[in-house]
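K.L.:
Numbering (mature numbering (1 follows the signal peptide of the UniProt record, and there is no 0)), first residue to last: -20 to -1, 1 to 127. Sharing a structure, written as structure tokens. Questions coming.
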Amino acid sequence: MSLLKVSIFVFVFPISGVRCDIQMTQNPSSLPVSQGDRVTITCRASENIYNALAWYQQKPGQAPKLLIYAATSLHTGVPSRFSGSGYGTDFTLTISSLLEPEDVATYFCLQHSRSPPAVIQAMSQTSQGSRSVRLGCPASPPAASTC
């Protein structure tokens, strides 16, 4: 069985003049993984957001897909290899040891405790010979408008 080489990167693109009251940070900034690995991504809020956190997956050319809502609830139709945990300020998205090639995507966390919601602005890319997964949860606004 050949291994799928996946790298995890975080890219934050702040837009000047826009302020988010709740700042979000994500770790790790880089993590190499292979098919079958367990992946853990964390988001930290600058203040208590209770369980008001959602995780999204976005593939190139597609709209974001909701994976987890209310920090821990798996959205309908999402494979059970995805799970969410956390409360307050610290949250985790886990992709179990059943990591699949179709999991190569951009992952977003979004707080909706207070308006405007904070989400990452990032773009996925695939390079020859490897695939990139971009994961994140920063305090920069999405392409649409508000934080």
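Cβ coordinates follow ideal geometry from the N, Cα and C atoms, glycine included. As the structure is a prediction and not an experimental result, all values here were calculated from the model.
Taking the straight line between their C-alpha atoms, what separation do you get for Ile48 and Val19?
P.N.:
Taking the first residue of the sequence shown as position 1, residue 48 is located at position 68. Taking the first residue of the sequence shown as position 1, residue 19 is located at position 39. For Ile48 and Val19, the distance between alpha carbons rounds to 15 Å.
K.L.:
How many Å lie between Ala91 and Leu79 at the Cα?
P.N.:
Reading the sequence shown from its first residue, position 111 is the one you call residue 91. Reading the sequence shown from its first residue, position 99 is the one you call residue 79. The question names Ala, but residue 91 is Gln in the sequence shown. Between Gln91 and Leu79, the C-alpha separation is close to 25 Å.
K.L.:
Between which two residues does the beta strand (DSSP E) containing Thr52 stretch?
P.N.:
Sequence index remark: in the sequence shown, residue 52 carries index 72 (1-based). No beta strand (DSSP E) contains Thr52, which DSSP labels as neither H nor E.
K.L.:
Output the residue ranges of the beta strand (DSSP E) runs that lie fully inside the segment 22 to 87 and measure 3 residues or longer, sorted by chain position.
P.N.:
List check, beta strand (DSSP E) in window: 33 to 38, 45 to 49, 62 to 67, 70 to 75.
K.L.:
Rounded to a whole number of angstroms, what is the C-alpha to C-alpha distance between Met4 and Ala34?
P.N.:
In the sequence shown, counting from the first residue as 1, residue 4 sits at position 24. In the sequence shown, counting from the first residue as 1, residue 34 sits at position 54. One C-alpha to the other measures close to 12 Å.
K.L.:
For the candidate residues Gln37, Ser76, Arg94, whose alpha-carbon lies nearest to that of Val13?
P.N.:
Taking the first residue of the sequence shown as position 1, residue 13 is located at position 33. Closest by alpha carbon: Ser76.
K.L.:
By alpha-carbon positions, which one of Ile29, Thr69, Asn28, Cys89 ends up nearest to Leu63?
P.N.:
As a working mapping, residue 63 is identified with position 83 in the sequence shown. Residue identity differs from the one stated: residue 63 is Ser in this sequence, not Leu. Out of Ile29, Thr69, Asn28, Cys89, Cys89 has the C-alpha closest to the C-alpha of Ser63.
K.L.:
Nearest CA to the CA of Asn31: which residue from Phe71, Ala85, Asp83?
P.N.:
Here residue 31 corresponds to residue number 51 of the sequence shown, with the count starting at 1. Measuring from the Cα of Asn31, the nearest candidate turns out to be Phe71.
K.L.:
Is the distance from the Cβ of Ile21 to the Cβ of Arg94 below 8 Å?
P.N.:
Working through the sequence shown from its first residue, we reach residue 21 at position 41. Working through the sequence shown from its first residue, we reach residue 94 at position 114. In this structure, Arg94 does not lie closer than 8 Å to Ile21 by Cβ.
K.L.:
Can Arg24 and Thr86 be called in contact, C-beta distance under 8 Å?
P.N.:
If you number the sequence shown from 1, residue 24 lands on position 44. If you number the sequence shown from 1, residue 86 lands on position 106. In this structure, Thr86 does not lie closer than 8 Å to Arg24 by Cβ.
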